[in-house]
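Below is one structure, written out as structure tokens, with a few remarks after it.
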Amino acid sequence: HKEKRLELNPNFQRGSVWTPAARSYLIDSILRKLPIPKVYLRTKIDVTTKKTIREVVDGQQRLRAIIEFADDKFALTKRAGEFVGAKYTTLGADLQEAFLGYPIAVDQLLNSSDTDVLEVFSRLNSYSVALNPAEKRHAKFQGDLKWQIRKASTDWAGLWEKFSILTTRDRVRMQDDSLVAEMLSYLLEGVGDGAQTDIDALYKKYDEDFSAEDPSLKNLYDVLTYVSTALAPSLAETSVLRAPHFLMLFAACAATTVGIPAGKIESATQVGSLASTETIVDNLLYLSAIIDLDDPPAQQSMAAFWSASKANAHRVASRKIRFPIYVQALTGPLAK
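Anchor point for the sequence shown: position 101 equals 103 in the working numbering, and the numbering is continuous, going up by one each time.
Quick look at the structure:
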């Protein structure tokens with residue numbers, strides 16, 4: 003780069019510029035010796051001048067962040083954890099050495115034409131799995147909401163794993179982020195539809211207007227602590243801990259312990275008094291048994307609950323039936 007033999011802006015590159023948070027997260031990964039994606043360069047040799055020029059085909063933003071940090075052009079944000087505020091020159095010698103010695107995986111396309119480069123990328127993309135909505139959100143948004151959701155997903159990994167709320171494959175595809183985003187949405191805006199477009203709207207709304215000090219985060223952790231310690235151990239392997247049903251259990255717990263906005267279910271606004279843990283567990287085991295039935299039960303209210311549980315569990319029409327019954331299961335005797 004200093005010898006002007008690296009071209010960061012060839013025609014293949016997008017014009018977007020990374021946010022300070024994104025740059026800091028990359029440098030944080032490097033300082034912690036964690037992997038970053040491979041860089042693709044087109045190497046062009048000028049036989050007359052005998053100079054080699056490397057054009058960045060993919061990885062401009064990563065290389066630009068590395069170069070600018072090495073040149074002391076920016077300080078790390080809070081996205082870099084305990085390295086917040088650090089510049090290259092303020093790092094200790096060990097960290098400077100780790101930064102400079104970090105290996106970057108590179109594929110070089112030697113004297114390739116534009117057509118060759120495009121062909122390479124079309125073939126690479128043909129083997130790729132399309133990003134799902136959760137992965138797209140993680141790539142698109144860089145505000146505190148995204149990062150706090152990611153942190154909570156990681157902090158509660160033991161809950162997802164121990165009680166099989168999500169599979170490992172689900173978590174690889176960031177479905178834990180979607181789950182946490184929905185739960186946080188109940189605390190911020192009440193229960194509504196759980197479509198991916200609604201979660202997208204949440205990220206967009208709060209991307210630039212959310213803080214790690216928002217009280218909804220403490221409420222999220224408090225409710226999950228209650229569920230994981232008081233309820234989940236007695237509900238292991240039951241249907242109410244599968245993700246679509248767990249969401250309504252969480253919503254009901256949140257409504258009755260910390261309160262949530264009305265959203266699209268007006269009855270969700272009141273904080274109630276929890277029944278004894280023994281009563282609650284007994285009620286939830288009964289609801290799980292109802293969910294598992296092949297045919298609807300004779301009791302009318304439970305038949306409606308059964309039908310709503312079998313339908314699209316993310317639609318508000320289903321939730322308007324299921325949510326009040328979960329609240330009833332938490333607050334008193336459940337008609338059986």
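Here a beta-carbon is modelled for each residue, glycine too, at the ideal position from N, C-alpha and C.
Cβ of Ala305 within 8 Å of Cβ of Pro298? Against a cut-off of 8 Å, the Cβ pair of Pro298 and Ala305 comes out as a contact.
Of all the options Lys338, Gly145, Tyr188, which has the alpha carbon lying nearest to the alpha carbon of Gly265? Ranking Lys338, Gly145, Tyr188 by Cα distance to Gly265 puts Tyr188 first.
Residues in the same chain with beta-carbon distance under 6 Å from Asn221, minus the five sequence neighbours each way, listed in chain order, please. Excluding sequence neighbours, Asn221 sits near Leu189, Val260.
Find out if the Cβ-Cβ distance for the pair Phe101, Leu93 is shorter than 8 Å. Yes, Cβ-Cβ distance for Phe101 and Leu93 is below 8 Å.
State buried or exposed for Val1, treating a residue as buried only when at least 16 other CB atoms are found within 10 Å of its CB. Because the chain here runs from 3 to 338, residue 1 falls outside it and cannot be looked at.
So what does DSSP say about Lys142, is it helix, strand or coil? In the structure shown, Lys142 adopts helical secondary structure according to DSSP, grouped into three states.
What residues in its chain sit with their C-beta under 7 Å from that of Gln330, if we drop five residues either side in the sequence? Excluding positions up to five away in sequence, the list reads Leu336.
Classify Ala214 as buried or exposed, calling it buried when 16 or more other Cβ atoms lie within 10 Å of its own Cβ. Residue environment: Ala214 is assigned as exposed (fewer than 16 neighbouring CB atoms within 10 Å of its CB, all protein chains considered).
Quick check on Arg44: does DSSP put it in helix, strand or coil? DSSP places Arg44 within a strand segment (E or B) once states are collapsed to three.
For Thr156, is the classification buried or exposed, using 16 other Cβ atoms within 10 angstroms of its Cβ as the cut-off for buried? By the 10 Å Cβ count, Thr156 comes out exposed.
CB Ser303 to CB Ala310, shorter than 8 Å? No; because the gap between Cβ atoms is not below 8 Å, this pair is not in contact.
Could you please give me the residues that DSSP links to Ile55 through a beta bridge? Answer is Lys46.
Assuming contact is defined by CB atoms lying nearer than 8 Å, are Val225 and Phe252 in contact in what I supplied? One thing to note: Val225 has its Cβ within 8 Å of the Cβ of Phe252.
Would you say Leu332 and Leu243 are within 8 Å of each other, going by their C-beta atoms? Not in contact: Leu332 and Leu243 (Cβ atoms no closer than 8 Å).
Quick one: residues in its chain with C-beta nearer than 6 Å to the C-beta of Ser114, no 5 flanking neighbours on either side, listed in chain order? Non-local beta-carbon contacts of Ser114 in its own chain, meaning distances under 6 Å to residues more than five positions away in sequence, involve Arg44 in chain order.
Between His140 and Met185, how many whole angstroms is the CB-CB distance? I'm expecting something under 8 Å. That pair is no contact at about 17 Å.
Residues that Leu111 bridges to, as DSSP identifies them: Among the bridge pairs identified by DSSP, Leu111 is matched with Arg44.
Which residue wins for smallest C-alpha separation from Asn13, given the options Gly274, Arg34, Leu161, Val59? Nearest option by C-alpha distance: Val59.
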